[in-house]
Amino acid sequence: MKYSTITEVYDLGPFVSKIIVEVGQPLWECDVNEETFQVYVERKDKKSGEIIKISKSWGSDEVYPSVGERKVCGAYTSDKEGKASQGGTCITLEMEVDPRISLGSAITYDGKFNVMVSCDYTITQIKPMNIGKCKIENMVFTESNWNKTILADEFITGESTYQGIHLNYACYQPKNNKAKNPLLIWLHGAGEGGTDPAIAVSGNKVVNLISDKIQYIFSGCHVLVPQAPTMWMDDGTGRYNTDGSTMYLDSLKKLIDEYIAAHDDIDEERVYIGGCSNGGFMTMKMIIAYPQMFAAAFPICEALADEFITDNDIERIKKIPIWFTHAANDPVIDVNKHTKATYGRLLSAGAADVHFSCFPSVTDGTGRYVNQDRTPYEYNGHFSWIPALNNECILDYNNTPVYKKGESVSLFEWLALSNRGKL
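Numbering follows numbering that gives the first Met the number 0, with no gaps: position 383 of the sequence shown is 382.
Below is the structure:
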């Protein structure tokens with residue numbers, strides 16, 4: 000019997016949040032609940048079909064096969080798309096999603112990049128189910144029908160090649176009919192490199208940029224997500240640079256130029272660029288190289304060490320509105336040698352619209368995930384893109400609100416008000 004899955008992108012990436020089983024008959028007066036079915040999953044490598052092995056904990060060398068039972072939190076009768084329907088022919092199971100439980104995740108880290116995995120489910124009925132006066136039992140669902148990833152499926156993909164360097168990308172075009180729309184560029188971290196742009200938009204919660212809330216702030220905007228085949232910090236050797244250089248500067252500029260040229264509704268006075276970690280590094284490299292191109296930038300846990308930024312570089316970018324984000328306990332990128340140092344130099348140079356949201360740590364902001372003492376679950380301190388992508392950056396380095404045009408603003412509200420023509 001067939002089942003389908005719905006995947007949603009959360010703070011820690013894509014998780015299968017719903018499973019829809021096709022019963023094949025109207026389910027009037029059905030007493031299904033979260034105890035009716037048992038859900039077992041095997042997460043497999045898409046290429047080899049082998050069960051993947053995952054680390055027992057962050058940084059641990061101990062691994063185990065990624066198989067097991069997932070908790071069902073709710074169940075209801077539905078249509079084939081998962082929409083509640085009393086007479087529907089399907090049952091939708093609402094699955095537990097928790098950043099500490101990887102069984103629900105649709106991706107895994109393969110030692111180099113995050114990659115999509117095949118999630119093979121077996122859904123077994125373990126309790127009889129009454130439909131009016133009839134009883135159904137012993138159903139087993141093992142045949143996967145389709146998967147839908149909310150928001151991520153709204154992106155389309157493309158590619159660009161310049162001087163022998165090939166870049167893939169994902170993009171979203173606003174649904175309005177405005178004559179001009181801004182362009183928001185997101186540059187991924189090291190884990191989202193490769194040749195699958197779906198990873199670049201869903202490995203982190205980049206899909207939030209096309210959510211109704213964020214699109215409303217901009218009154219609609221294009222979102223462009225380029226993907227490096229290696230990492231933005233590749234100096235041309237395939238390894239991380241040791242001098243702040245990158246092989247992708249010209250090819251990325253070319254890709255952006257091509258995208259703008261192909262969409263005449265883009266307002267070139269409102270082109271914004273940002274990204275996390277490796278992508279924060281590349282954000283800094285792009286605004287230093289092309290300061291006249293961008294209306295504002297939002298580097299997150301940026302990996303361009305301040306020692307590689309010259310005084311001339313500071314002069315080139317000091318008039319660009321920049322909003323940095325970083326966590327003080329970042330174990331990967333030293334905030335003092337990167338964001339904090341560069342932020343201080345920009346202020347000393349007279350930068351008037353430069354801000355820095357420095358979080359003490361990165362904790363869950365949804366209220367769903369807590370520790371035993373009821374305190375919020377704490378993510379790795381490197382993951383400061385979580386509050387940034389959730390538009391939770393509202394305070395400057397001195398813990399006071401950020402103001403733009405006389406009003407306190409969030410990160411994306413600030414971006415939307417930035418205009419290159421008014422710099």
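Glycine is no exception: its CB is placed at the ideal position from the N, C-alpha and C atoms.
Name, in chain order, the residues that DSSP records as bridge partners for residue i.
i: Gln124; result: Phe36
i: Phe297; result: Gly273
i: Pro13; result: Val8
i: Asp44; result: Val116
i: Asp233; result: Tyr239
i: Trp429; result: This structure cannot settle anything about residue 429, because the visible part of the chain is limited to 0 through 422.
i: Arg69; result: Val38
i: Pro225; result: Tyr168
i: Ile259; result: DSSP, once it has assigned bridges, lists no residue as partnering Ile259.
i: Leu92; result: Ile18, Ala74
i: Asn146; result: Thr4
i: Tyr427; result: Given that the chain is displayed from residue 0 to residue 422, the structure contains no residue 427 and the question cannot be resolved.
i: Ser104; result: Phe14
i: Cys133; result: Ile130
i: Ala83; result: Ser77
i: Phe140; result: Ile122
Which residue's Cα is closest to the Cα of residue i: the options?
i: Leu414; options: Glu34, Glu268, Thr399; result: Glu268
i: Val435; options: Thr123, Gln162, Ser276; result: This structure leaves residue 435 out entirely; the chain is present only between 0 and 422.
i: Ala288; options: Ser356, Ile313, Tyr396, Ile155; result: Ile313
i: Lys1; options: Glu412, Asp10, Met232, Tyr120; result: Tyr120
i: Glu136; options: Tyr258, Pro127, Ser143; result: Pro127
i: Ile209; options: Ala227, Gly12, Gln172; result: Gln172
i: Ile184; options: Gly131, Gly279, Pro228; result: Gly279
i: Ala199; options: Ile213, Gly405, Val8; result: Val8
i: Phe323; options: Thr4, His337, Tyr378; result: His337
i: Val20; options: Asp10, Gly12, Gln37; result: Gln37
i: Glu153; options: Pro196, Ser250, Val139; result: Pro196
i: Val71; options: Leu248, Ala326, Glu34, Val361; result: Glu34
i: Val62; options: Glu68, Lys17, Ile50; result: Ile50
i: Pro359; options: Asp372, Val334, Ala350, Thr341; result: Val334
i: Ser77; options: Glu142, Pro298, Glu377, Ser3; result: Ser3
i: Tyr108; options: Ile122, Gly190, Asn397; result: Gly190
i: Met292; options: Asn418, Thr341, Asp10, Tyr368; result: Asn418
i: Ser250; options: Gln226, Val40, Glu301; result: Gln226
i: Asn311; options: Asn328, Arg344, Ala340, Ala327; result: Arg344
i: Gly202; options: Ile385, Pro400, Cys392, Glu412; result: Ile385
i: Lys134; options: Gly163, Val31, Ile299; result: Val31
i: Ala74; options: Gly67, Ser84, Glu68, Val66; result: Ser84
i: Gly67; options: Arg42, Asp329, Gly420; result: Arg42
i: Gly131; options: Trp27, Glu142, Thr141, Ala340; result: Trp27
Checking 9 Å against the spacing of the C-beta atoms, do residue i and residue j come in under that value?
i: Ser101; j: Ile53; result: yes
i: Gly86; j: Pro25; result: yes
i: Thr241; j: Asp233; result: no
i: Gly103; j: Val15; result: yes
i: Gly273; j: Ala151; result: no
i: Ile22; j: Cys118; result: Per the sequence shown, residue 22 should be read as Val rather than Ile. Their beta carbons are not under 9 Å apart, which means Val22 does not touch Cys118 by this criterion.
i: Gly12; j: Asn113; result: yes
i: Thr160; j: Ala169; result: no
i: Pro375; j: Ala294; result: no
i: Leu254; j: Leu186; result: no
i: Val116; j: Ile106; result: yes
i: Cys29; j: Asn129; result: yes
i: Ser356; j: Leu410; result: yes
i: Tyr396; j: Pro98; result: no
i: Thr123; j: Tyr39; result: yes
i: Asn379; j: Asn207; result: no
i: Ile319; j: Pro298; result: no
What three-state label does DSSP hand residue i in the structure shown?
i: Lys317; result: coil
i: Glu153; result: helix
i: Glu306; result: helix
i: Tyr63; result: strand
i: Val22; result: coil
i: Lys191; result: Here residue 191 turns out to be Glu, not Lys, going by the sequence shown. Correct three-state label for Glu191: helix.
i: Phe323; result: strand
i: Ser77; result: strand
i: Lys179; result: coil
i: Ile51; result: coil
i: Ala197; result: helix
i: Met246; result: coil
i: Ser417; result: coil
i: Tyr289; result: coil
i: Val500; result: In the structure as shown, the chain begins at 0 and stops at 422. Residue 500 is therefore absent and cannot be evaluated.
i: Asp211; result: helix
i: Asn97; result: Note on identity: in this sequence residue 97 is Asp, with Asn being the wrong assignment. Looking at Asp97 - three-state DSSP - the assignment turns out to be coil, as it is neither helix nor strand.
i: Ile216; result: helix
i: Asp266; result: strand
Can you determine whether any heavy atom of the ligand SAH sits closer than 8 Å to the C-beta of residue i, and answer yes or no?
i: Met281; result: Although the ligand SAH was asked about, the structure shown includes no ligands whatsoever.
### Task
Jot down the residue ranges of each uninterrupted beta strand (DSSP E) in the region 352-412, minimum 3 residues, whole runs only, in chain order.
Uninterrupted beta strand (DSSP E) stretches at least 3 residues long and entirely within the region 352-412 occur at 353-358, 401-403, 406-408, given in chain order.
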